[in-house]
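4 protein chains.
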Amino acid sequence: MESTYDRLVSAAIKLMIEKSYAGTSIGMLAEEVGISKSTVIHYFKSKEGILLAILENFFPVAIKELRTVVNNKSISGTEKLRRFLYFQMKLVAESGDVLTLVIRETRYLGEEHRKIYNQRHREYEGLVVKIIEQIQTEETSLFKNKDKNLVMKAIFGMCNYTTIWYRPEGPLRIDEIADQFFDILSCNV
Amino acid sequence: MESTYDRLVSAAIKLMIEKSYAGTSIGMLAEEVGISKSTVIHYFKSKEGILLAILENFFPVAIKELRTVVNNKSISGTEKLRRFLYFQMKLVAESGDVLTLVIRETRYLGEEHRKIYNQRHREYEGLVVKIIEQIQTEETSLFKNKDKNLVMKAIFGMCNYTTIWYRPEGPLRIDEIADQFFDILSCNV
Amino acid sequence: MESTYDRLVSAAIKLMIEKSYAGTSIGMLAEEVGISKSTVIHYFKSKEGILLAILENFFPVAIKELRTVVNNKSISGTEKLRRFLYFQMKLVAESGDVLTLVIRETRYLGEEHRKIYNQRHREYEGLVVKIIEQIQTEETSLFKNKDKNLVMKAIFGMCNYTTIWYRPEGPLRIDEIADQFFDILSCNV
Amino acid sequence: MESTYDRLVSAAIKLMIEKSYAGTSIGMLAEEVGISKSTVIHYFKSKEGILLAILENFFPVAIKELRTVVNNKSISGTEKLRRFLYFQMKLVAESGDVLTLVIRETRYLGEEHRKIYNQRHREYEGLVVKIIEQIQTEETSLFKNKDKNLVMKAIFGMCNYTTIWYRPEGPLRIDEIADQFFDILSCNV
DNA sequence: AATGAATGAGGCTTCATTCAT
DNA sequence: AATGAATGAAGCCTCATTCAT
């Protein structure tokens, strides 16, 4: 069975994305997992600690996975973009938009931690920028004359916004959404 | 000079977008504007009233303006898209992402109010869907075989995400961002 | 009738001397005065604010009164000592040993406030040192060859310890205690 | 090397004198000694047990030592006073004012324990009263017509207050302070 | 001898709100 | 139009303690 700690982290991700950091109380978390408030503190020391644990839980895994895609020398830039979109959308579907959580809520972290996570966030974004660069090099027209950072932000905006409106019971599956996003971006018909 | 009420609404938009509804307290708002907590309540009756005022302040104006664009029979769908992007980005730049605020925080409204605002929100989105439909009719390839609702969400995602990362002192002006977004979506080089 | 604020300060002095700062809770204070915990915070902003109010309430009055004794040019040093002992013992009897509270608990104040109060405390002690200096000048033998600061500390020790053991229903009245303290110090029989 | 138990008692004395009983937590104690909270409880059963251990550690030793001074038939009362002052000041310097801890904090002990320790405390004070009685008998003038209990309290006040202001790096050594206290009390020049 | 998991009670504080002015 | 007094509910956190290991 899943450890209390893991169940807490999962519940925290779910709640904080849905209700925002400030809108999520330790009591809610405790109730969700079926333990006492004190036990939540026992594991995370403080509310900030919960956010920290989420981020610690997210970035190492996500960056690693994305990096293997980006560093793969045998596939094209557009294929990498396609794979990234699948990866990111799966992430959004599974654990909500942890990335937006990162951006929106790192303000609640102490200076030191905030720096670390901003850095990791930039690293994550940087990997997507690399994909765009590769596309700009390989393709004749896609993303030509575009600011690569802006394209990256556009892509993340598209994907992350999904957290807000996506419902599993809706008409489109997560992979269909990823497909269509890919088509929109790559100008496929 | 701006009325106390107007200063309160502006401050409320700023704070609630930055810190989320739950993360913004009446005390903060009072301090920001330099009046007492009691006076804030005096104007809005309750915290929910503040959110209400923001929405009331936003939708009628925004919907009206967007509608004149959409209903204009003499311009093409792509041109409408371009104009919408300018309009939306200006909105985001000026008063932050009120739309995301709407989506994220209407949960704090009482049932009746929530319904009203969800409806207005859908109306706003619907206007953008109409633009996409016009494009699908006119153009040979753009947005062909795409779910028009998904395209709409993709566009809003792109635009609204700007609130999170856009800094006026950054390298791109708001209208340049709108331009590039238009190019990305319309597959212009 | 006494204001809520004044009643709170009096109750706080009483409780904090009896139970120490850490041992006194805002809830106790509220109950003692018959109001809610929130109201205590309403007046003092924080627990530290209570300590601050006590000190602000004590020092200006005490220093002023002691200063008029010390600056009186027409009375002898020993007479000043006698008067100080009466004054200090009355203080101790009335409002407990606020001075020891100051010394013991200023650690709970923020740096800035702590400095201010340490300074005032030194000023208060300094006035007693002046009395001892006058005695050393006038008298042939009393306090000769003694460290004036140590004598001062000895006197305060004697007086302040009273808070711990003095009971109004005990065999000695406050003025009798002051009298005997004076005799012990001045070597009167 | 010192046993964990002994290190805990030492740390507890230090912390509780500095921060008061209520202001000292088991967690602090654990951290100070570098072990876990559970281990502290393991040794003392409860927080009250810590106070108990301190007192048990203090009184038997202190009373025994003071008694040998008081019962010594071959020395004068004033000499006994002098020796007591040395003894008491050394105690204060070494382990802080455990006596004041006793008076201030025995309130936190259960009824039975409180009785025992109040009794021991009275016994300790009684030994000093005996010294004063001897002085009143032998000397012609010292402490004549004074309430012997009040004199005792005055002496303890002087000595115990030292805990609050004494700093090893200050201008006076512990034995010099004892000397001057003796002179002040015995009216020596 | 020593510890981690878990908790209930309580402490400080924030907060939205009511009321009287 | 604006505010201070007062509060109940809730939030974060500390703490002493129990239990199993």
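Residue numbers (the numbering used here), protein chains in the order written: chain A, 1334 to 1522; chain B, 1334 to 1522; chain C, 1334 to 1522; chain D, 1334 to 1522. Just so it is clear, CB atoms sit at the ideal spot from N, CA and C, and this is done for glycine as well.
Could you tell me how far apart the beta carbons of residue i and residue j are, in whole angstroms, since I believe they sit closer than 8 Å?
i	j	result
B:V1342	B:A1386	6 Å
A:K1347	A:G1360	15 Å between Cβ atoms; not a contact.
D:Y1354	D:Y1441	5 Å
D:L1475	D:C1520	7 Å
A:M1422	A:I1507	5 Å
A:R1415	A:F1515	5 Å
B:Q1469	B:K1477	7 Å
A:I1465	A:M1491	Their Cβ separation, rounded to whole angstroms, is 14 Å, which puts A:I1465 and A:M1491 out of contact at 8 Å.
C:K1479	D:Q1513	6 Å
D:N1493	D:L1399	Actually they are not in contact, since the Cβ atoms of D:N1493 and D:L1399 sit about 15 Å apart, beyond 8 Å.
C:L1388	C:V1435	6 Å
Using the rule of at least 16 other Cβ atoms within 10 Å of the residue's Cβ for burial, across every protein chain shown, is residue i buried or exposed?
i	result
A:R1455	exposed
D:D1430	buried
B:T1401	exposed
A:Q1452	exposed
A:G1410	buried
A:G1503	exposed
B:S1407	exposed
C:E1438	buried
C:Y1281	Because chain C in this structure spans residues 1334 to 1522, residue 1281 of chain C falls outside the shown range and cannot be described.
B:S1336	exposed
A:G1443	exposed
B:S1379	exposed
D:N1404	exposed
D:K1413	buried
D:T1496	buried
C:K1397	exposed
C:T1473	exposed
Are the C-beta of residue i and some C-beta of chain A separated by less than 8 Å?
i	result
B:M1349	no
B:L1483	yes
B:A1344	no
B:I1497	yes
B:I1436	yes
Is there at least one non-hydrogen atom of the ligand SAM closer than 7 Å to the beta-carbon of residue i?
i	result
C:T1372	Annotation note on the ligand SAM: not contained in the displayed structure, which lists no ligands.
Does residue i come out as helix, strand or coil in the three-state DSSP assignment?
i	result
C:E1351	helix
D:S1379	coil
C:I1436	helix
A:E1365	helix
D:I1408	coil
A:G1360	helix
B:D1430	coil
C:S1336	coil
Output yes if chain D places a C-beta closer than 8 Å to the C-beta of residue i; else output no.
i	result
C:S1410	The sequence given here has Gly at residue 1410 of chain C, not Ser. No, because no Cβ of chain D sits closer than 8 Å to the Cβ of C:G1410.
C:G1356	yes
C:M1491	yes
C:F1514	yes
C:K1413	no
C:I1465	no
If we cut at 8 Å on Cβ distances, does residue i have a partner in chain C?
i	result
D:L1505	yes
D:Y1494	yes
D:A1487	yes
D:D1480	yes
D:I1359	no
Less than 8 Å between CB atoms is the rule here; does residue i satisfy it with respect to chain B?
i	result
A:K1352	yes
A:I1510	yes
A:I1517	yes
### Message
Quick check for students: name the residue ranges of the beta strand (DSSP E) that lie wholly in the stretch 1440–1520 of chain B, counting only runs of 3 or more.
### Response
none
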